[in-house]
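These protein sequences, in sequence, are chains A and B. Residues are numbered in my numbering as their position in the first sequence, beginning at 1, plus a constant of 968. Residues are numbered in my numbering as their position in the second sequence, beginning at 1, plus a constant of 968. Ideal Cβ placement from N, Cα and C applies to all residues, glycine included. These figures come from a predicted structure and were not determined experimentally.
Protein chains: 2
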Amino acid sequence: MSVDPYMRGRMNDRKSYVPPFQLGETLYGGAVGEVVDSRADGFEPGDTVLHQLGWREISVVEARQAQNVDTSLAPASAYLGVLGMPGLTAYVGLLDIAQLREGDVVFVSGAAGAVGSLAGQIAKLRGHTVIGSAGSPEKVAYVRDELGFDVAFDYHDGPVHKQLRAAAPNGIDVYFDNVGGDHLEAAIGSLNTYGRVAMCGSISTYNATEAVPGPRNMFEVVGRRLSLRGYIILDHYDRHAAFAQEVGAWVRDGRVKFRETIVDGGVQAAPQAFIDLLRGANTGKMVVRIT
Amino acid sequence: MSVDPYMRGRMNDRKSYVPPFQLGETLYGGAVGEVVDSRADGFEPGDTVLHQLGWREISVVEARQAQNVDTSLAPASAYLGVLGMPGLTAYVGLLDIAQLREGDVVFVSGAAGAVGSLAGQIAKLRGHTVIGSAGSPEKVAYVRDELGFDVAFDYHDGPVHKQLRAAAPNGIDVYFDNVGGDHLEAAIGSLNTYGRVAMCGSISTYNATEAVPGPRNMFEVVGRRLSLRGYIILDHYDRHAAFAQEVGAWVRDGRVKFRETIVDGGVQAAPQAFIDLLRGANTGKMVVRIT
């Protein structure tokens, strides 16, 4: 089963794009599992399926809520990550929301995470210069040496705006934002004219108990004609086929790499895994093994 | 001659979309005047022309930098305002940048200014509900009673986010931002899903000596799929013909109203007029009469 940063929003009791989780009820989220019994055409015992019923050991899934996945291409868990919702989020954010164009220099925050690691790799595979930020020396090494980002830095090593300016002295054209806060302010300061921001997430703010300061340089959005655009992947499943074909091929031939942080211990271990995810204990997609 | 908020940016010594003004040199900007002598075809003594040579009493203008204007449609000064650059800025910001759509509720800050007053009126003429903010009771009355905005409020009367929420209890869909700062934060808080912001100016921040706090609710841009887009009118002169035709017709038949704050005293009076503009002493377009 998957733990994803977006779930944090469902733990606030307020109106959002998905209803809040309810006290005393099972949490929902992505999961992959083996079919043990089926009354539906197209699903046989032994098949591997993806569904959204989440935090439970055994699920009764309606056929229309289940999707067979191809475990010859990648392990089942990859359909919760690089080949699943986080992967599509990276693909759509970079290509459709930020409208990646030839020659763009791209900055990705949360570059060692499930979404950021793919966003950066897609940009690299399309020939772009890519800069990434992450939260530990190990993650920085992973992003640079294994994923092939041109530059990576640890945001603990100094002000993000200074590190970004040093990494991209001629500025950036696209910012893929998973983090918000000081990363967003730094990116606005480094974006070139007509720069674009895909606002995907804001993990630095999710657990804040006081309002996080906003970017103090919003006036620069006018003069440099910047675009900042938020999106939610639920709106973009029409892009799934193109994503699955393109990224699937890259996964198959090894040009896209991915890691998973797998937590054992079943559903009981999932709350701590989720807490650890929000403080960045994962590299790549974090999943919990149920059995 | 025109004084415009964008000129403030040219008084900072930093790279921007236009070069900074130079110490000891004449300032540039929009102006209209009567041709007293001409060596160019198409310009005769007595013609009225618009040019960009700005802060001077007599200008030697190249033909390619001059444009004849029709003083039978509106007074010459209108070509510095409702029928000129500020008017085009309103038109493009609302229609192209914010992509005004049927049913949108529109909020305009700086609603008594040259740009805001036209942006709101265009939205009204297209059938939208329009809310405006301004900086004095007189301006609020002008915006509501003379320009026909549905609701107007004085931003001195209380927190903008509270006044906006009261004015638009079901939220807004488009925000035309002339002000930045707390107005932008309030608008983000009130924007409905898929809401759009045309970021035209940020007058609340231009004279700030310390960094102005940014919007503390940028994370809401993600969940509600908002778009914030900055623009500079220089990029959009391809829209001038459509603008001149549509808004020209509305000015001709009186459906678009406009005021001017005319300052006498010639070029000597222009610096104080500019300072007064930045603190909102004008209603409608502020111009300086040279002779």
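Checklist entry - What's the gap between the Cα of GLY1061 (chain A) and the Cα of LYS983 (chain A)? => result 24 Å
Next on the checklist: Using the Cβ count rule (16 or more neighbours within 10 Å means buried), how would you classify THR994 (chain B)?
Outcome noted: exposed
Checklist entry - Since THR1016 (chain A) sits in a beta bridge, which residues does DSSP pair it with? => result Answer is A:GLU1002, bridged to THR1016 (chain A).
Checklist entry - When you compare each of A:LEU1196, A:GLY1139, A:GLN1020, A:HIS1124 to TYR996 (chain A) by their alpha carbons, which one comes out closest? => result Distance check between TYR996 (chain A) and each of A:LEU1196, A:GLY1139, A:GLN1020, A:HIS1124 places A:GLN1020 closest, using alpha-carbon atoms only.
Checklist entry - From VAL1180 (chain B) to TYR1110 (chain B), what does the alpha carbon distance come to, in whole angstroms? => result Rounded to whole angstroms, VAL1180 (chain B) to TYR1110 (chain B) spans 29 Å at the Cα level.
Checklist entry - Of the choices B:SER970, B:GLY1088, B:LYS1092, B:PHE989, whose alpha-carbon is the least far from that of ALA1166 (chain B)? => result B:GLY1088
Checklist entry - In the segment 1181–1201 of chain B, which residues sit with their C-beta less than 9 Å from some C-beta in chain A, listed in chain order? => result PRO1181, GLY1182, PRO1183, ARG1184, ASN1185, MET1186, PHE1187, GLU1188, VAL1189, VAL1190, GLY1191, ARG1192, ARG1193, LEU1194, SER1195, LEU1196, ARG1197, GLY1198, TYR1199, ILE1200
Item to check | Neighbourhood of PHE1011 (chain B) by C-beta distance below 6 Å, restricted to the same chain and skipping five residues each side | outcome: VAL1003
Checklist entry - Between the beta-carbon of VAL971 (chain A) and the beta-carbon of LEU1159 (chain A), is there less than 8 Å? => result no
Next on the checklist: Just to confirm my understanding: we take SER1170 (chain B), look at its own chain, exclude 5 residues before and 5 after, and list those with CB closer than 6 Å. What are they?
Outcome noted: GLY1148
Item to check | Beta-carbon gap between GLU1214 (chain A) and LYS1253 (chain A) smaller than 8 Å | outcome: no
Checklist entry - Who are the near neighbours of GLY1116 (chain A) in its chain, counting only those whose CB is closer than 6 Å to its CB and skipping five residues on each side? => result LYS1092
Next on the checklist: Does the CB of ASP1125 (chain A) have a neighbour CB from chain B at under 8 Å?
Outcome noted: no
Item to check | Closest by C-alpha distance to HIS1151 (chain B), when choosing among B:LEU1202, B:PHE1075, B:LEU1018, B:LEU1048 | outcome: B:PHE1075
Checklist entry - In whole angstroms, what is the alpha-carbon distance linking THR1259 (chain A) and ILE1140 (chain B)? => result 48 Å
Checklist entry - Which bits of chain B does LEU1152 (chain A) rub up against, with CB to CB less than 7 Å? => result MET1186
Checklist entry - Would you call SER1040 (chain B) buried or exposed, if buried means 16 or more other Cβ atoms sit within 10 Å of its Cβ? => result exposed
Checklist entry - Using a C-beta cutoff of 8 Å, does SER1158 (chain A) count as contacting chain B? => result no
Next on the checklist: For a minimum of 4 consecutive residues, which ranges assigned as the alpha helix (DSSP H) are wholly contained in the segment 1147–1229 of chain B?
Outcome noted: 1149–1158, 1188–1191, 1208–1220
Checklist entry - Okay, do the segment 1095–1109 of chain B and the segment 1124–1134 of chain B touch, 3+ Cβ pairs below 8 Å being the bar? => result yes
Checklist entry - Cα-Cα, which of A:TYR1047, A:PHE1144, A:MET979, A:ALA1155 is closest to ARG1133 (chain A)? => result A:ALA1155
Checklist entry - For the candidate residues A:GLY1095, A:ARG1223, A:GLY1233, A:TYR1199, whose alpha-carbon lies nearest to that of PRO1054 (chain A)? => result A:TYR1199
Item to check | Listed by chain order, chain A residues near GLY977 (chain B) by CB distance under 8 Å | outcome: GLY1191
Checklist entry - Using a beta-carbon distance below 8 Å, is TYR1143 (chain A) in contact with chain B? => result no
Next on the checklist: With distance defined between alpha-carbon atoms, name the residue in A:TYR1059, A:ASP1072, A:TRP1023 nearest to ARG1164 (chain A).
Outcome noted: A:ASP1072
Item to check | Short CB-CB distance (under 8 Å) between TYR985 (chain B) and chain A | outcome: yes
Checklist entry - So is THR1097 (chain A) in contact with chain B if we call contact Cβ pairs under 8 Å? => result no
Item to check | Neighbouring residues, chain B, relative to ASP1203 (chain A) (Cβ below 8 Å) | outcome: ARG1193
Item to check | DSSP-derived helix/strand/coil call for SER1101 (chain B) | outcome: strand
Next on the checklist: Less than 7 Å between C-beta atoms, sequence neighbours within five positions excluded: which residues of the same chain meet that for GLU1114 (chain A)?
Outcome noted: Result list for GLU1114 (chain A): LYS1225, in chain order.
Checklist entry - Should GLY998 (chain B) be labelled buried (16 or more other beta-carbon atoms within 10 Å of its own) or exposed? => result buried
Checklist entry - How would you write the range of the beta strand (DSSP E) that VAL1255 (chain A) sits in, first residue to last? => result 1253–1256
Next on the checklist: So the candidates are A:THR1057, A:VAL1108, A:ARG1024; which of them puts its Cα closest to the Cα of ASP1122 (chain A)?
Outcome noted: A:VAL1108
Checklist entry - Quick one: which chain B residues come within Cβ less than 8 Å of GLY1169 (chain A)? => result VAL1190
Item to check | The alpha helix (DSSP H) enclosing ALA1249 (chain B), as first and last residue numbers | outcome: Here ALA1249 (chain B) belongs to no alpha helix (DSSP H), and DSSP marks it neither H nor E.
Checklist entry - Which residues share a DSSP beta bridge with TYR1143 (chain A)? => result A:PHE1075, A:VAL1165
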